[in-house]
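Residue numbers (our numbering): -10 to 238.
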């Protein structure tokens, strides 16, 4: 009598393949296909999401971008407009008694040009020109007296010699700077009284001195090439506005 052979299963530790416990199904690894992306296991708990560590850089202050510079076309347009303003001022000042009014009107035109980027309308400029003829006469008279005094001292008609000539020339140049600052004030506010503009200019001696130097340079440029006199006027008015915006507050 033979006893039938019964095969007993090997324990899991000795078998080649591990068997899943009865209450936990075996999980089959899935391979990500084209329609299912591979998921990366995370170690974060259910109440705390995974945070990616970031390295904080230095807290540098934000720098403003540099202002855009005008190209050659804009500069050429500005130069043309300044030349036209200088030519118009020269024509309006031909009667000589209207020279202060013409300069004040040209100053307003230059201020409008570099503030708005275009020439201002001509009707308000003509109104300012007509209103400025009479208030500008005292300034013209003072300029004529200074020139006569300078010529008299230089010719020897007045005693004093070279010392008095140098003092008179320096006073004339500085007063020309004050007059240029008066033109700047009238260009900024055409309704400003001339006497108020003169007081405002007299209280800023540093700016008046700088404008006096600019006026001296413009005088010698126009004297060297007289045909450029109208162009020099327009560019000089532009220069005194730019300098006074930085020095006269």
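Note that the Cβ used here is the ideal one computed from N, Cα and C, for glycine as well.
Between residue i and residue j, what straight-line distance do the alpha-carbon atoms span, to the nearest angstrom?
i: residue 132; j: residue 90; result: 14 Å
i: residue 135; j: residue 163; result: 12 Å
i: residue 99; j: residue 111; result: 12 Å
i: residue 139; j: residue 215; result: 22 Å
i: residue 96; j: residue 69; result: 16 Å
i: residue 202; j: residue 160; result: 12 Å
i: residue 142; j: residue 176; result: 34 Å
i: residue 64; j: residue 121; result: 31 Å
i: residue 178; j: residue 116; result: 13 Å
i: residue 208; j: residue 105; result: 28 Å
i: residue 183; j: residue 93; result: 10 Å
i: residue 74; j: residue 144; result: 36 Å
i: residue 147; j: residue 158; result: 14 Å
i: residue 234; j: residue 85; result: 29 Å
i: residue 204; j: residue 123; result: 24 Å
i: residue 222; j: residue 206; result: 12 Å
i: residue 125; j: residue 191; result: 17 Å
i: residue 153; j: residue 107; result: 46 Å
i: residue 171; j: residue 188; result: 9 Å
i: residue 67; j: residue 61; result: 10 Å
i: residue 109; j: residue 137; result: 37 Å
Grab the span of the alpha helix (DSSP H) containing residue i for me, first residue to last.
i: residue 69; result: 61 to 81
i: residue 198; result: 194 to 213
i: residue 220; result: 218 to 236
i: residue 184; result: 183 to 191
For residue i, I'd like the list of residues in its chain whose CB is within less than 6 Å of its CB, leaving aside the five on either flank, ordered along the chain.
i: residue 224; result: 71
i: residue 218; result: 211
i: residue 194; result: none
i: residue 82; result: 88, 91
i: residue 237; result: 193, 196
i: residue 79; result: 219
i: residue 226; result: 95, 96, 99
i: residue 118; result: 90, 94
i: residue 127; result: none
i: residue 186; result: 171, 174, 175
Could you pull out every residue in the same chain whose Cβ sits closer than 8 Å to the Cβ of residue i, ignoring the five residues on either side in sequence?
i: residue 198; result: 163, 166
i: residue 230; result: 96, 99, 100, 103, 173, 176
i: residue 151; result: none
i: residue 114; result: 94, 97, 98
i: residue 232; result: 196, 199, 200, 203
i: residue 5; result: The pLDDT assigned to residue 5 is 46, lower than 50, so where the model puts this residue is not dependable; a value taken from the coordinates is nonetheless given after this. Counting only Cβ-Cβ distances below 8 Å, and skipping sequence neighbours, we find nothing.
Considering only residues of the same chain and omitting the five flanking positions on each side of residue i, which have a CB-CB separation below 7 Å?
i: residue 169; result: 200, 204, 229
i: residue 155; result: none
i: residue 181; result: 174, 175
(request) Just list the beta strand (DSSP E) runs in the segment 95 to 162, keeping only unbroken ones of 3 residues or longer that don't cross its boundaries, in chain order. (result) Runs found: none.
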